[in-house]
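A short worksheet on the structure shown next.
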Amino acid sequence: MYKFIKNNQKKMLAVFGVLLMIVFIIPPSAKSGRGRSRRPIAKIGDTPVYEDQRKLAQDEWITLRQIPLYYQGRAVPYIVKLGSLAQEISEHPDLFMLLKLEAERQGITVSDDQIKTLVVNDFRASPDDERYQDIARSFLLVQALYNRVAENVKVTEPMWQRTIAERFQKVQLAIAELPVNNYRKNVPAPTTQQVQQQFDTYKHVDPSVNPKPSDDPLGFGYRTPTRIKLQYLELPHKAVVDAIRAAAQADEDTKYKWSVDARKYYRGHQDEFVRPAPQTQPTTGPTTAPRTGPASTPAVAATLPAPSTEPTTRPFAEVQGEIMDKLMEAPIRELQQKIQDAIAKRLDIDYRALHPANGSTPTTGPAETTDRAKFQTQAYLEQVALDIQKEFKVLPEVRQVPDPQNATQLAALPGIGKALTPDGKPFPRYATASDEAAGADPTKPEQTSTASPLSLYQPSDALTDSGSNVYFFRLTDYVPAHAPDLGAVASEVTVDVQTAKAYDDAIAAGRKLLDAARKDGLDKAARAQSLHTYTTEPFRPGLRTVLPELKLLPESVSELSRRAAMLLASASPDSADHPVVLVELPLDRKVMVIELVGATPDLPPQQIYANQMQFSDFKRQEMVQNLAKRYFDYDAVKERLQYHSEETDKSGT
105 MYKFIKNNQK KMLAVFGVLL MIVFIIPPSA KSGRGRSRRP IAKIGDTPVY
155 EDQRKLAQDE WITLRQIPLY YQGRAVPYIV KLGSLAQEIS EHPDLFMLLK
205 LEAERQGITV SDDQIKTLVV NDFRASPDDE RYQDIARSFL LVQALYNRVA
255 ENVKVTEPMW QRTIAERFQK VQLAIAELPV NNYRKNVPAP TTQQVQQQFD
305 TYKHVDPSVN PKPSDDPLGF GYRTPTRIKL QYLELPHKAV VDAIRAAAQA
355 DEDTKYKWSV DARKYYRGHQ DEFVRPAPQT QPTTGPTTAP RTGPASTPAV
405 AATLPAPSTE PTTRPFAEVQ GEIMDKLMEA PIRELQQKIQ DAIAKRLDID
455 YRALHPANGS TPTTGPAETT DRAKFQTQAY LEQVALDIQK EFKVLPEVRQ
505 VPDPQNATQL AALPGIGKAL TPDGKPFPRY ATASDEAAGA DPTKPEQTST
555 ASPLSLYQPS DALTDSGSNV YFFRLTDYVP AHAPDLGAVA SEVTVDVQTA
605 KAYDDAIAAG RKLLDAARKD GLDKAARAQS LHTYTTEPFR PGLRTVLPEL
655 KLLPESVSEL SRRAAMLLAS ASPDSADHPV VLVELPLDRK VMVIELVGAT
705 PDLPPQQIYA NQMQFSDFKR QEMVQNLAKR YFDYDAVKER LQYHSEETDK
755 SGT
């Protein structure tokens, strides 16, 4: 073989040279497999669409999704430049190809300069990279088609004025209330059968759940929520900080080391301690000196140098405390993690030693106890806290909640009530497993969880609150959510049956009042039915509307605000009529008939016109989004191009 190679060396080099030349002249698309398949997969009208066209467009879109666009200091996928259209393309892989073809059919072209500028400035690739040039051309075609559609949107003066009227006007309402209590007195006592039916319907519904089920607008519910008792250890972050500070002052050598480290940090981070230049003093002032003081004062003052207007570096003595805080951050985190790990290990070992069914028994038993009864006491946790103090010079605090608490009550506990698990689950949910029933039908108890998230006395994961305090808890009692006996809630159920009937009566009366108000106005119609009306202060309808004078629940305020906005939108400026509407507020146990009394601009006229361009842009963006959503809908594009697939689309589109 060696002899053959030696004798034919020149011939072999010539062959290799030819092969290399062939490789370099092969188009990139052919190298990657593109362009090989000309199998027709669909038609646009009578024009065939080939498999390689679809594959190329899909590959280009995948690459575009991976190209970063740096916006406000963070990287987002480049495709966000296409707005909501990007989501539509991601859901329908053929759409990018179809929009490219539509753009070409409409005569849209892009220049080589546009392509190379995009490749270099946005894609950060070589301007001669043919693959990125193809991707840039495809993107610019689709973007140009999107822009062409957007350019057809025009905002007229009446349109932007209406936008301002809807978003920047305050409304004033006249209100007539029909409280349920006014009608309950006329409701007869319910029958035993009605009480039983009411109880059976809502016995598995948690009365505290929000939002209320659509079939339970009045918020009935008799299910007793999960309640627990617990003990817990708290590792205060301040105690860890104090321990590190105390260690820094423990002896002269340690104190000296901290001082040296602080000076090194100061010298290496001078820019952090620059004091801003003082503001220039006003030139105006009294023309004569005060009469008090020695006569020579002005002369002496005149010889003093003018204060510097340059920024200065704060002296070390002034910032030494700040530097020490910075230097201690890492040791504080390290010590807190060591203590946290030590507590978790101790609690876990002791628990598993006494509960072998929950895991393999460790080779070493609990440090202080092998007695289960002692392990379950608060004294056990206090001993753990003392042992931690001996080892780390930090004493955790031990607390106990001896009375049963539901999730709402747990959330109100100081400290631990706002703590989160490592995966972000709030303590009340973790402790009661209440989130496991999220989305379940409250009338079907088999869909809701009744299992404890932890066995009794099993240590929890570490929880942390916003102050960096760490908590470990264990359940001492767990009563799962359950439907009570009817006898325990019979009086409540009886009142609820009457409330439901009274609410229906209030709605019926409200509808009669509404009909009369449409004819005669709300005030006259209300007086005819011996009802009182009152007028609200002007307010702007919206998500943050607050109407404290009405004393309504937030959900009711939101509904009232929504209906007020509808009245404002339906009102005609040229009409003397005041629109009215019925508003049901079941959680507040009342019905309202509201009438639009008036609307006033919430912005001064000069500010409205000064911001006309901003309001117009806002309205135009809204209109462009709505138009683009319809125009670039996948089904609409297919219909517009008469696109018919000749194969079963594997993606289901």
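Just so we're aligned, residue 105 is where the sequence shown starts under our numbering, counting upward by one.
From the three backbone atoms N, C-alpha and C, an ideal C-beta is built for every residue, glycine too.
Predicted, not measured: the structure shown is a model, and the values here were computed from it.
Check                                                                                                                                                                                 : Outcome
Cutting at 7 Å between CB atoms, please list the residues of its own chain near G702, excluding the five before and the five after it.                                                : Q276
Have a look at E596, K529, K733 and flag the residue whose alpha-carbon is nearest the alpha-carbon of T568.                                                                          : K529
The alpha helix (DSSP H) spanning R615 covers which residue range?                                                                                                                    : 590 to 624
Kindly indicate which residue of E743, D310, Q633, V597 has the alpha-carbon position closest to the one of Q298.                                                                     : V597
Quick one: residues in its chain with C-beta nearer than 6 Å to the C-beta of R349, no 5 flanking neighbours on either side, listed in chain order?                                   : none
Return the Cβ separation of I520 and F577 in integer angstroms, given the expectation that the two are a contact with Cβ distance under 8 Å.                                          : 7 Å
Please work out which residues of its chain come closer than 8 Å, Cβ to Cβ, to T603, disregarding the five sequence neighbours upstream and downstream, and give them in chain order. : V284, R288, L322, R693
Are the segment 332 to 339 and the segment 579 to 587 in contact at 8 Å, needing three or more beta carbon pairs?                                                                     : yes
Report the three-state DSSP secondary structure of V741 (helix, strand or coil).                                                                                                      : helix
Can you tell me which residues form a DSSP beta bridge with G528?                                                                                                                     : Beta-bridge pairing links G528 to no other residue.
Find the nearest neighbour of D238 within the set N251, I279, T221, Q482, judged by alpha-carbon distance.                                                                            : T221
Note the first and the last residue of the continuous alpha helix (DSSP H) segment covering S662.                                                                                     : 658 to 674
First and last residue of the beta strand (DSSP E) that includes L700?                                                                                                                : 694 to 705
Can you tell me which of the three DSSP states D581 falls into?                                                                                                                       : strand
Within this structure, are the beta carbons of Y369 and L431 separated by less than 9 Å?                                                                                              : yes
If you draw a straight line from the C-alpha of E234 to the C-alpha of I148, how long is it?                                                                                          : 27 Å
Using C-beta distances below 7 Å, list every residue in its chain close to A523, excluding the 5 sequence neighbours before and after it, in chain order.                             : F531, L567, T568, D569, Y575
Check each candidate in L691, D739, K616 and name the one with the smallest Cα separation from V685.                                                                                  : K616
Taking just the CA atoms, how far does L626 sit from V695?                                                                                                                            : 14 Å
Look up S363 in the DSSP assignment and say whether it is helix, strand or coil.                                                                                                      : helix
Run through the segment 192 to 242 for me and flag every whole beta strand (DSSP E) of 3 or more residues, listed as ranges in chain order.                                           : none
I'd like the span of the alpha helix (DSSP H) that includes K478, first residue to last.                                                                                              : 476 to 479
Would you call the segment 605 to 623 and the segment 243 to 252 touching, i.e. three or more CB-CB distances under 8 Å?                                                              : no
Beta carbon of Y534, beta carbon of S559: below 9 Å?                                                                                                                                  : no
Pull the bridge partners of A280 from the DSSP assignment, please.                                                                                                                    : T637, V697
Starting from V684, trace the beta strand (DSSP E) both ways and give me its first and last residue.                                                                                  : 684 to 689
Under the three-state reduction of DSSP, which class applies to V574: helix, strand or coil?                                                                                          : strand
Taking 9 Å as the threshold (C-beta atoms), are G372 and Q729 in contact?                                                                                                             : no
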